[in-house]
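J.:
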Amino acid sequence: MLYSIKSSIKWSLLIGFITLLLSIGFTVVSTSVLAGVGWSAGMLVVFIIVIIVILFDVIGLAAATTEETP
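See below:
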C-alpha cells in the first residue's frame, strides 16, 4: 500500500512538472509571436493555440478512458 502511494505521488509530481514546463513554453511562444502584431493576427494565434490545447485534451481523455486487456 505504501509503495502504491509513493508511486502515485511520484507520478503526480512528474505530470505536474511536465504541465508546468508546457505552460511556460506556450507562454513564451505566444508572447513572442504576439509581440507587435495586430488584433486580428493575435486572435488567430490565440485561436490556433486553443485548438491545439483542445486536441491534446481529447487525446489525453481518450487515453485515460481506455481499458487495458489482460
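With numbering that gives the first Met the number 0, the residue at position 13 of the sequence shown is 12, and numbering never jumps.
The beta carbon of each residue, even a glycine, is placed where N, CA and C say it ideally should be.
In this text, all values refer to a predicted model and were calculated from it rather than measured experimentally.
Can the beta-carbon of V49 be found less than 9 Å from the beta-carbon of V36?
T.: Start at 1 with the first residue of the sequence shown, and residue 49 comes out as number 50. Start at 1 with the first residue of the sequence shown, and residue 36 comes out as number 37. Against a cut-off of 9 Å, the Cβ pair of V36 and V49 comes out as no contact.
J.: Give the range of the alpha helix (DSSP H) segment to which T18 is assigned.
T.: The count along the sequence shown starts at 1 and reaches residue 18 at position 19. Per DSSP, T18 belongs to the alpha helix (DSSP H) from 1-33.
J.: For a test of the three-state rule: what should DSSP assign to V44, helix, strand or coil?
T.: Residue numbering aside, residue 44 sits at position 45 when the sequence shown is read from its first letter. Three-state result, V44: helix.
J.: How many Å lie between L33 and I23 at the Cα?
T.: Mapped onto the sequence shown, residue 33 falls at position 34. Mapped onto the sequence shown, residue 23 falls at position 24. Spanning the two alpha carbons is a distance of roughly 15 Å.
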